[in-house]
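See structure below.
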Amino acid sequence: MEYGLLSLLPPLLAIIIAIITKQTVVALFLGVWFGATVMNGWNPVSGFTYTVNEIMVPSIADPWNASLILLVVFTGGFINVLRSTGAGKAFAEFATKKVNTRQKGQNFVWASAFLFSYTEPVLILGTVTRPITDRLKISRVKLAYIVDSMGSPVASMSPISVYAPFITGLIATQLAALSLSENPWSLFIQMIPFHLYGIFAIVGVLLVVNMKIDIGPMYKAEQRAIETGKLYGEHDKLMINDTADDDAQDADIFSFLIPLALLFAGIFGVIFWTGDIGTNGLAGSFLNADIIFAITTGFFLGSVGGMLYAKLRYRQPLEELLNGYVDGVMQVMIVPVILVMAWSIGTVATEMGLGEVIAHYAGSYLPAFLVPVIIFLLGGLIAFASGSSWGVFSIMLPIAIPMGIALDLELALVIGAAISGGVFGDHCSPISDTSIMSSTGSAADHMEHIRTQLPYAIIIALSAGTGFLMTGLTQNSILGIITTAAVLVLILLFVKNRMKKKYPAASE
1 MEYGLLSLLP PLLAIIIAII TKQTVVALFL GVWFGATVMN GWNPVSGFTY
51 TVNEIMVPSI ADPWNASLIL LVVFTGGFIN VLRSTGAGKA FAEFATKKVN
101 TRQKGQNFVW ASAFLFSYTE PVLILGTVTR PITDRLKISR VKLAYIVDSM
151 GSPVASMSPI SVYAPFITGL IATQLAALSL SENPWSLFIQ MIPFHLYGIF
201 AIVGVLLVVN MKIDIGPMYK AEQRAIETGK LYGEHDKLMI NDTADDDAQD
251 ADIFSFLIPL ALLFAGIFGV IFWTGDIGTN GLAGSFLNAD IIFAITTGFF
301 LGSVGGMLYA KLRYRQPLEE LLNGYVDGVM QVMIVPVILV MAWSIGTVAT
351 EMGLGEVIAH YAGSYLPAFL VPVIIFLLGG LIAFASGSSW GVFSIMLPIA
401 IPMGIALDLE LALVIGAAIS GGVFGDHCSP ISDTSIMSST GSAADHMEHI
451 RTQLPYAIII ALSAGTGFLM TGLTQNSILG IITTAAVLVL ILLFVKNRMK
501 KKYPAASE
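Numbered according to the UniProt record's numbering, the sequence shown spans residues 1 to 508.
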């Protein structure tokens, strides 16, 4: 059955309720239930049954989703091991000897994102760097913005992440369906210069931090942190408990380095094992590996190593260590619940044909040069409505690749536009799974994170959209990058000038 524009209502309802109530789980559930009710002849009882049995349960049972839930659980344990053993505190004390200003602290988080792109970056990056940013009086929403803006963009361009096998798998499916001989791995690499939103989300953070551009609600949050030391608002609902690392026991830097070394050893060891490095080579092992299993194993080994070191070096009671691990797991349990709801709203959007509806109304009679920017904007709209960049990749790549072939556009260009759109919409949506995890890792209020991040995401999107217009005309990634960079710098200079007029004392 075709639902037409009705397919827009479930995600829009969820977004509106989330904004009004700040209750993400309730908002997502009501959106899913409404969509299921529509699909079941407007019968709310049948809709509820369908929601539970046909949408939520399959979302949990899906192997990929289930493995991601386990990853979040193991991450939660690792997070609290770093805190309860004093590792986070030790790292903060060590790092703040050099990273001793707010600007240095924000740049440190930016640089650290490249190290953690192999893990689940939005969760672990905030966790590891939060003790430092807290000491330097950097607001939680500013940390969440940096984490979110670095996490998905870096990971979606990294061959060593959970994104690469997923995206290359989708590309391979389309190439096979169209009887094309291109290598999906090569297309993934060729796509990177056309991933304009991802590239300039990363560059944008660096510019925002060093030009000291705090816009609107972000400015207020940062000034509150600087002037009062309060890192979040009085009424903010933090995604995890705000347990200070200063309350943890004293420890040495090895309390941090040992679990981190085991984390990476576990990740790369399992990648080389499951990817069969002997047969497939180094690059092939990453392409064929079970990345999520590798990351989960790394977090488990890191947790065990951290607890063993604390037990042997500081005689910390085993019961206390295990209780700390379990406490960490419990603190992040809201995240799997929200993820299940986010996946469920994505399922409803797919079953009601949201992607096809948007593509139909927006994609008719387009000149070829507009196709990249339209794919980018459509991807952003669908990701905003569904809360999932992964869902957008699944929806838009089967549309973008055939369009690219039909209109004689470079495949890397249309793929880059689709990936960019998914990441952009993900950054703007209050029901986004990766933004939810960014808020969790940063111990921030989720809706405040979205509210403070939105102006930056829109600025990057405007710049990238202009770049996609240029690449549509020229199919030249270098000109697209130059255009995007020029527009971004001009916009930021304009905003900086406005800030000076509105906030004359806007400086750190």
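Beta carbons are placed, not taken as given, at the ideal position from N, Cα and C, and that holds for glycine.
Because the structure is a prediction, the values reported are computed rather than measured.
- Per DSSP, the unbroken alpha helix (DSSP H) holding Glu-320 starts and ends at 318 to 331.
- Between the region 435 to 442 and the region 108 to 115 there are fewer than three C-beta pairs closer than 8 angstroms, too few to call the two in contact.
- The continuous stretches of alpha helix (DSSP H) do not include Ile-215, and DSSP gives it neither H nor E.
- Here Gly-169 is actually not in contact with Thr-133; their C-beta atoms are around 36 angstroms apart, not less than 8 angstroms.
- Each of Val-373, Ser-285 and Phe-293 was checked against the Cα of Val-73, and the nearest Cα belongs to Phe-293.
- Contact between the region 335 to 345 and the region 57 to 75 is established, with three or more Cβ pairs separated by less than 8 angstroms.
- Contact annotation: the region 278 to 287 does not touch the region 52 to 62, with fewer than three C-beta pairs closer than 8 angstroms.
- The criterion of a C-beta distance shorter than 8 angstroms is satisfied by Pro-10 and Val-348.
- Trp-64 and Thr-274 have their C-alpha atoms roughly 16 angstroms apart.
- Pro-153 is the residue among Pro-153, Ser-67 and Val-208 whose C-alpha sits nearest the C-alpha of Gly-421.
- Counting along the chain, the unbroken alpha helix (DSSP H) around Val-73 starts and ends at 63 to 84.
- Secondary structure in the region 252 to 311: no beta strand (DSSP E) run of 3 residues or longer lies completely within the stretch.
- Inclusion of Gly-467 and Thr-483 in the CB contact set at 8 angstroms is warranted, their separation being smaller than that value.
- Look at the beta carbons and you see the region 439 to 447 touching the region 224 to 241: at least three pairs across the two are nearer than 8 angstroms.
- Fewer than three beta-carbon pairs drawn from the region 363 to 383 and the region 24 to 37 are found closer than 8 angstroms, and the two stretches are therefore not classed as touching.
- Here Gly-346 is buried. Its C-beta has 16 or more other C-beta atoms within 10 Å.
- Taking 3 residues as the shortest admissible run, the region 167 to 217 contains no complete beta strand (DSSP E) segment at all.
- For Gln-453, the enclosing alpha helix (DSSP H) begins and ends at 446 to 474.
- Leaving aside the five residues that flank Ala-464 on each side, the residues in its chain whose CB is nearer than 8 angstroms to its CB run, in chain order, Leu-196, Tyr-197, Phe-200, Phe-376, Ser-420, Phe-424 and Thr-484.
- The continuous alpha helix (DSSP H) containing Ile-146 extends over residues 140 to 157.
- Boundaries of the alpha helix (DSSP H) around Pro-336: 334 to 351.
- Contact between Ile-215 and Val-495 holds: CB atoms are separated by about 6 angstroms, below the 8 angstroms threshold.
- DSSP places Leu-378 in the uninterrupted alpha helix (DSSP H) bounded by 371 to 386.
- The residue from Glu-2, Trp-185, Asn-80 and Leu-12 with its alpha-carbon nearest to that of Phe-384 is Leu-12.
- At a Cβ-Cβ threshold of 8 angstroms, Thr-297 and Gly-266 count as neighbours.
- An exposed status is given to Phe-254, since fewer than 16 other beta-carbon atoms sit within 10 Å of its beta-carbon.
- Ranked by Cα distance from Tyr-503, the options Gly-305, Arg-102, Ala-61 and Gln-223 are led by Gln-223.
- The distance from the Cβ of Ser-59 to that of Ser-386 is about 13 angstroms, inconsistent with a contact at the 8 angstroms cut-off.
- In the three-state scheme derived from DSSP, where H, G and I count as helix and E and B as strand, Leu-231 is classed as coil.
- Boundaries of the alpha helix (DSSP H) around Lys-104: 102 to 115.
- Ile-20 counts as exposed, since fewer than 16 other C-beta atoms from the protein chains shown sit within 10 angstroms of its C-beta.
- A direct Cα-to-Cα measurement between Leu-206 and Lys-212 gives close to 10 angstroms.
- Shown here, Leu-238 sits in a strand according to DSSP, grouped into three states.
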